[in-house]
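Read left to right, the sequence shown gives residues 61 to 601 (this note's numbering).
For every residue, glycine included, the Cβ atom is placed at its ideal position computed from N, Cα and C.
Structure first, commentary second.
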Amino acid sequence: MKKIVLPFFFLIGFIVSAQTESAWIYFNDKQNVSAALANPITILSQAALDRKNLHGTPIDSRDVPVNESYISQIKTALGITVFAKSKWFNCIFVNGTQTDISALASFSFVDHIEFADPALNGNPRSYKRPIATNENFNKFGITTDFDYGAAANQVEMLHVDYLHEQGYTGEGILMAILDAGFPNVETNEAFQRMRDNGDLKNGYDFVDRETNEFAFTGSSHGAQVLSCITGFITDEYTGTAPDASVILYRTEDVGSEMPVEMAYWVEAAERADSLGVFVINSSLGYNNFNNSNYSFQTTDMDGETAFISKGATLAFEKGMLVVSSAGNSGNNDWGIITAPADSPGAFTVGAVDADENYASFSSRGPTADGRVKPDVAARGSSAAVINPSGNISSASGTSFSSPIMAGAVASLWQADPSKTNAEIMQIVRESASQFQNPDIFLGYGIPNFQVALENLSSEENMMQTSISVYPNPVNNTLFIKSPNKNNFASLEIFSITGKRILHSVLKKNVMEFDVSNLAPGIYLVKISSKENNSVIKIIKN
């Protein structure tokens, strides 16, 4: 057989032109927005509407689905494959050659194109995120006593056993686990309690787009992560939220590391929001990809660069609490947190060992823009997990400190589901071992959920009845009004990452504060007196 040898210059030209690229295609509008917002049950489940109403979370155009007609037209374009879509960002994720992807700009409904390789983006757009709002009460009163067995250290380190003793085991809190697969969850005896209670609610495989309702395929990683939350073997193992309800989403393809996985993650987070999820656990982190042109720099860990990090911020603004592993780069050249742990909307968890010492593999902070990360820490070195065969074993990584924390948060939130995600995050941070002196290793430290529950309970008699904070949203001047001139109280304003940015004393019945220098976003106003405390969420325009 004759071997054909092409000229060298022709081979180079062919390889360059045939190079497959990845990109996000952003659309400039949506269809029937007004009608959808007027009748939101057409785009969100009743559970989602209930959660949003409870917390005062706005329903807006971001909740309206992407125009399917636009997607269909893109699918017919030469050389283009569509992999994922995002209603929050009004975009789709595609693969194709640079030429074929660039040609999509000719569609009138395409606003702009963002390549995964930043070198191909001539004039990158700055991302401006929209904002959201707030807040009520409910308790479940049965006491529970577990034998934690192999999980005793990781549960008791956080004092989650105290929550369980008060009857707060995650009951009524819907969680979504975004991971790499959940083999044998439908048969594993460690999840029998969860299945018998009807707490395995939903699921989907975004990687293979399986029609099967649950993602019982892929890596065992997700099943081990789940065990830290809902795993239960009588007298041998109990997770931190054994009675939480869960949705299982496979978004990670362990066979490769590509930007499309971030697109799957955001699509899954959107679906979780539409079903009324309170807590997302994400034991995933991205910095390096198979194609190094797509890889991030440490300077990109600013919460505003990675698509998945921007998605985590929107998930927070939509009312969910995203618990994210910090990453396992503490011992390598990267060193710091990975995306989406850099998001200001992510509650980022580092790892400690059984003696509460920093685990050297745990990714450090701060973010590229100087914010405290991780937020908190939990056991991640030789954590107790249950494998797909139903056997208890140990595993190390922030992949496990994250779900241990996520389950603890779910159990706490059960005590007062009317609290917003921002309020729960702040209460947990303030209970942590080094809240006054955070560092780059453990952030605010190891939370004490007994203290968090006590603080949550002390805020039942809200001071909003006597103290007003207005306007909300605020532009330049924030007013604090108290009907009692002698009611001296401490005022603190925190960012959603827990950083205190203002501290003052209320010395008269009406005081005003200049907040014009604050960046747009969500802030927490904490007012403390001898009688009680109040945490109020405000929005800075």
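Practice task
Please classify W394: does DSSP put it in a helix, a strand, or coil?
Solution key: coil
Handout entry: Minimum length 4: unbroken alpha helix (DSSP H) runs contained in the region 502-589
Key = When DSSP assignments are scanned along the region 502-589, the uninterrupted stretches of alpha helix (DSSP H) that are 4 or more residues long and fall wholly within it turn out to be 509-518.
Practice task
Over the uninterrupted alpha helix (DSSP H) stretch that includes N248, give me the two end residues.
Solution key: It is not in any alpha helix (DSSP H) - N248 carries neither H nor E in the DSSP assignment.
Practice task
Taking Y309 as the reference, give the member of R122, T298, T290 and G282 with the closest Cα.
Solution key: Closest option to Y309, Cα to Cα, is G282.
Handout entry: Collapsed DSSP secondary structure at N481 in the structure displayed
Key = helix
Practice task
With DSSP as the reference, label T427 as helix, strand or coil.
Solution key: coil
Problem - Where H219 sits in the DSSP three-state scheme - result: In the structure shown, H219 adopts coil according to DSSP, grouped into three states.
Exercise for the section: Kindly indicate which three-state DSSP category S594 falls into: helix, strand or coil? Expected result: strand
Practice task
Count the other C-beta atoms from every protein chain shown that fall within 10 angstroms of the C-beta of L472, then say buried if there are 16 or more, exposed otherwise.
Solution key: buried
Problem - Rounded C-alpha distance that separates P507 from V326 - result: 28 Å
Practice task
Have a look at S166 and A96 and give me their C-alpha separation to the nearest angstrom.
Solution key: 28 Å
Handout entry: alpha helix (DSSP H) runs contained entirely in the region 315-350, provided each spans 4 or more residues
Key = 320-334
Exercise for the section: Could you say which of Q284, D171 and L180 lies nearest to S461 if we only look at CA atoms? Expected result: Q284
Handout entry: Cβ pair V595, L584 closer than 7 Å
Key = yes
Problem - Segment limits, beta strand (DSSP E) that includes W148 - result: Run containing W148: none; DSSP gives neither H nor E here.
Exercise for the section: Could you pull out every residue in the same chain whose Cβ sits closer than 6 Å to the Cβ of I191, ignoring the five residues on either side in sequence? Expected result: With a pLDDT of 35 at I191, under the threshold of 50, the predicted position of this residue should be treated as unreliable, and no value is reported.
Exercise for the section: Please state whether DSSP places T80 in a helix, a strand or coil. Expected result: strand
Exercise for the section: Could you spell out where the alpha helix (DSSP H) holding V432 opens and where it closes? Expected result: Counting along the chain, V432 falls outside any alpha helix (DSSP H), and DSSP gives it neither H nor E.
Problem - CA-to-CA distance, G345 to A401, given in whole angstroms - result: When rounded, the distance between both Cα atoms is 7 Å.
Handout entry: Status (buried if at least 16 other CB within 10 Å, exposed otherwise) for Y208
Key = buried
Exercise for the section: Could you spell out where the beta strand (DSSP E) holding A443 opens and where it closes? Expected result: A443 to I446
Practice task
Mind reading off the beta-carbon distance from L381 to N481? Whole number of angstroms is fine, and I expect it under 8 Å.
Solution key: With a contact defined as Cβ atoms closer than 8 Å, L381 and N481 qualify at about 4 Å.
Problem - chain C within 7 Å of N388, Cβ atoms only - result: The structure shown contains no chain C; it is built from a single protein chain.
Practice task
Kindly indicate which residue of T157, T458 and P100 has the alpha-carbon position closest to the one of A443.
Solution key: T458
Handout entry: Cβ neighbours of V126 in the same chain (closer than 8 Å, five flanking residues each side left out)
Key = F87, K90, K145, S146, K147, N150, C151 and I152
Problem - Reference I131; option with closest CA among L374, S168 and T159 - result: S168
Practice task
Check each candidate in E225, S389, N417 and A83 and name the one with the smallest Cα separation from G28.
Solution key: Residue numbering for the chain in the displayed model covers 61 to 601; residue 28 lies beyond these limits and cannot be assessed.
Problem - contact_flag[the region 418-436, the region 368-387] where n(CB pairs < 8 Å) is 3 or more - result: yes
Problem - Distance, P434 Cα to L260 Cα - result: The alpha-carbon of L260 is positioned some 30 Å away from that of P434.
Exercise for the section: Answer with buried or exposed for N155, where buried requires no fewer than 16 other C-beta atoms within 10 angstroms of its C-beta. Expected result: buried
Problem - Alpha carbon of T80 to alpha carbon of G182, nearest angstrom - result: In this structure, the alpha-carbon of T80 lies about 18 Å from that of G182.
Exercise for the section: In the DSSP assignment, find the unbroken alpha helix (DSSP H) run with K112 in it and report its ends. Expected result: Segment Q106 to H115, the alpha helix (DSSP H) holding K112.
Practice task
Have a look at A323 and A329 and give me their C-alpha separation to the nearest angstrom.
Solution key: Rounded to whole angstroms, the gap between the alpha carbons of A323 and A329 is 10 Å.
Exercise for the section: Work out the CA separation of E174 and V220 for me, nearest whole Å. Expected result: Computed Cα separation, rounded: 44 Å.
Practice task
In the DSSP assignment, find the unbroken alpha helix (DSSP H) run with E296 in it and report its ends.
Solution key: No alpha helix (DSSP H) contains E296, which DSSP labels as neither H nor E.
Exercise for the section: Note down, in chain order, each residue of its chain lying with its Cβ closer than 6 Å to the Cβ of F573, except the 5 sequence neighbours on either side. Expected result: L538
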